[in-house]
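Note that the working numbering has the sequence shown beginning at 16, numbered continuously upward.
All C-beta atoms, glycine included, are put in the ideal place defined by N, C-alpha and C.
First comes the structure, then the notes that go with it.
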Amino acid sequence: MKYLRYRHLFRMYEFIQPFINYSVPLEESLKGGRVLVVAPHEDDESIGCGGTIIKHINAGGYAEIAFCTHDTPERMKEAEKAVSALGVKRSHFLQFPLRSLDGNRKFEDNLAFLLHRTKPEIVFLPFWLDKHEDHRAVSKALIKIKKRISMNFMIYAYSVWAPLNPNVVFDISEEWELKKRAIKCYKTQLASRDYVKMAQGLNQYWGEIKSSGMQYGEAFFKATAAEYISLGKKIFR
C-alpha cells in the first residue's frame, strides 16, 4: 500500500532522471521571444517565475499572462498591479472558480484557444506534482488538448507549493527586488502567508546551489511540450 500511495512520485523520478544533471545548467536568456505564463491563481506568476519574466522582458522579449481562476475583485486588482511590476503589457483573466480546473472541459477549451491564438514559443506553468489541484490541472489539460492544437513550444515548469528537481536555473539576482515588489502587490494573500519570505528562501537556495556568487536563482524543469506530456502520461496513467 505504501508503494501504491507514492507510485506517481516514483514514476516521476524514474522518468526525469535522464533530464537532470548533477550540476544544473545556467541559462542566460530564454531561447524564444513570445512567452505565455499560465498562472492557475493570481500570484503564481510572480512567485513561480516572476524574476525570469522580468529578465526576459528587459532583454526585449514579450510575455503574456493567463490567470485561470478568479477569487475576488480585490485580488484581480492586485494581479493587475503585479503584472505591471513585472513589465507585462497584456494579461488574460479566464475567471474560473477556485478548485474547478481539474477535468473541466470548458477550461480545456479556453486553454486550447489561448495557446492557438497567442502562439507562444515558451510556456511557463506549474510542475506536474505541485501540491494544488488547480496547479496539476493545467498540465493535465495539455494531455486532453494536445491533438487539437500545435504544441511547438518549450515548457518551463515552475514550483509554488513544492520544490522540484530542475534541469535549468536562471540568475535573477538583479531582478529580485522587482520580483519582490510584484509579490507584495498581493496584500490579500500576504495577510495569511509570507509569500515573499517563501520565494526569497527558495530563490536564495537555488542561487547558492548554482554559484556561491549568485544571490537569487529561479529553477525550472524544462522540456518540449511532447516530452512534458509524455512525462504526465507516465505519472498519471
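Assuming contact is defined by CB atoms lying nearer than 8 Å, are residue i and residue j in contact in what I supplied?
i    : j    : result
Y171 : K212 : no
F114 : E148 : The amino acid occupying residue 114 in the given sequence is Arg; Phe does not appear at that position. Yes, these two residues count as a Cβ contact at 8 Å.
V39  : A234 : yes
Y201 : A97  : yes
G66  : F185 : yes
K225 : G232 : yes
I244 : N218 : no
N125 : G102 : no
E95  : T133 : no
Just the Cα atoms here: how many angstroms apart are residue i and residue j?
i    : j    : result
S174 : V183 : 13 Å
D58  : R208 : 12 Å
K195 : L116 : 28 Å
G247 : V50  : 22 Å
S44  : I68  : 10 Å
H85  : P55  : 9 Å
I160 : F122 : 11 Å
K249 : N167 : 21 Å
Q14  : E60  : Within the shown structure, residues of the chain are numbered from 16 to 252, placing residue 14 beyond reach of any answer.
G47  : G118 : 30 Å
F142 : Q230 : 24 Å
A240 : M169 : 6 Å
E190 : R105 : 20 Å
T203 : V53  : 21 Å
L193 : I158 : 34 Å
Y21  : F251 : Because Y21 carries a pLDDT of 49, less than 50, the predicted location of this residue cannot be relied on, and no value is offered for it.
I198 : Y210 : 7 Å
L179 : E89  : 31 Å
E42  : L129 : 27 Å
I62  : L205 : 12 Å
A214 : V153 : 21 Å
Y77  : H71  : 7 Å
E223 : P181 : 14 Å
D145 : K162 : 25 Å
P164 : A127 : The question names Pro, but residue 164 is Ile in the sequence shown. Answer to the nearest angstrom: the Cα atoms are 7 Å apart.
S227 : M91  : 38 Å
E242 : G75  : 28 Å
S99  : P135 : 20 Å
H131 : R151 : 21 Å
C64  : I137 : 13 Å
Can you name the residues that DSSP bridges to residue i?
i    : result
S106 : I80
F139 : V52, Y171
F233 : One detail in the question is off: residue 233 reads as Glu in this sequence, not Phe. Beta-bridge pairing links E233 to F185.
T239 : M169
F111 : T84
L41  : V184
Strictly under 8 Å for the Cβ-Cβ distance: is residue i near chain B by that measure?
i    : result
K161 : The structure shown contains no chain B; it is built from a single protein chain.
Contiguous beta strand (DSSP E) assignments of at least 3 residues, all confined to the stretch 154-231: 169-173, 183-186
Any contact of the stretch 64-83 with the stretch 97-111, i.e. 3+ C-beta pairs under 8 Å?
yes
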